[in-house]
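S.K.: Sharing a structure, written as structure tokens. Questions coming.
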Amino acid sequence: MIRFGKNRIVDVLTFYTATSGSFLTLNNLLGQRTEFELKNQFGKRTITELVSGERDEMMKSMTMNLTSSVSDLGVEIIDFRVKRIDLPTELSNSVFERMRTERYRLAEELRAEGKEISDEIKSKAEKKK
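Read in the numbering used here, the sequence shown has 106 at position 103, and its numbers run on one by one without any break.
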């Protein structure tokens, strides 16, 4: 997963107490909390919702939740984005299998409709003879 965020220190004393003044520690803690929040948001939505118009809503929700979850670090989240999501292999296979099944079902429906129309046309042609 490729993600990035902008933050700023709003309480230097809290930041220093929580991280010993280390930006590396801050980045590690932010990474852990971000990962938790991403999993939380993904658990609430389907794959389709994640890649559709709800993405902006999800980003706003994540930014708000992250801001409250990092207040004990003395920082504020200004912006947060997810550029790319790499699904685990087993989840990717599951998603692709669901997509294949849905496409197969749709193709079968269309074939059935086509056969029904074909049968009607043939029936009308037989009656005219």
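All C-beta atoms, glycine included, are put in the ideal place defined by N, C-alpha and C.
Quick caveat: nothing in here was measured; it's all calculated off a predicted structure.
If we count the other Cβ atoms within 10 Å of its Cβ and call it buried at 16 or more, is Phe99 buried or exposed?
M.R.: With fewer than 16 Cβ atoms within 10 Å of its Cβ, Phe99 is classed as exposed.
S.K.: Let's test the definition: count the other Cβ atoms within 10 Å of the Cβ of Phe39 and tell me whether it reaches 16, buried, or not, exposed.
M.R.: Classification of Phe39: exposed, given that the 10 Å Cβ count is below 16.
S.K.: Counting only the same chain and skipping the five closest in sequence on each side, list residues whose C-beta sits under 6 Å from that of Asp82.
M.R.: Contacts found: Lys9.
S.K.: For Thr92, count neighbouring C-beta atoms within 10 Å of its own C-beta (all shown protein chains included) and say buried if the count is 16 or more, exposed if not.
M.R.: Exposed.
S.K.: From the DSSP output, in three-state form, read off Asp82 for me.
M.R.: Strand, per DSSP.
S.K.: Straight-line CA distance for Leu32 to Leu76?
M.R.: Spanning the two alpha carbons is a distance of roughly 9 Å.
S.K.: Take the Cβ of Glu113 as the centre, count every other Cβ of all protein chains shown within 10 Å, and call the residue buried at 16 or more, exposed below.
M.R.: Just to set this straight, residue 113 is Leu in the shown sequence, not Glu. Flag for Leu113 reads exposed.
S.K.: Between Leu29 and Val78, how many whole angstroms is the CB-CB distance? I'm expecting something under 8 Å.
M.R.: Yes, they are in contact, since the Cβ atoms of Leu29 and Val78 sit about 7 Å apart, within 8 Å.
S.K.: Taking all protein chains shown into account, decide if Val13 is buried (16 or more other Cβ within 10 angstroms of its Cβ) or exposed.
M.R.: Val13 should be labelled exposed.
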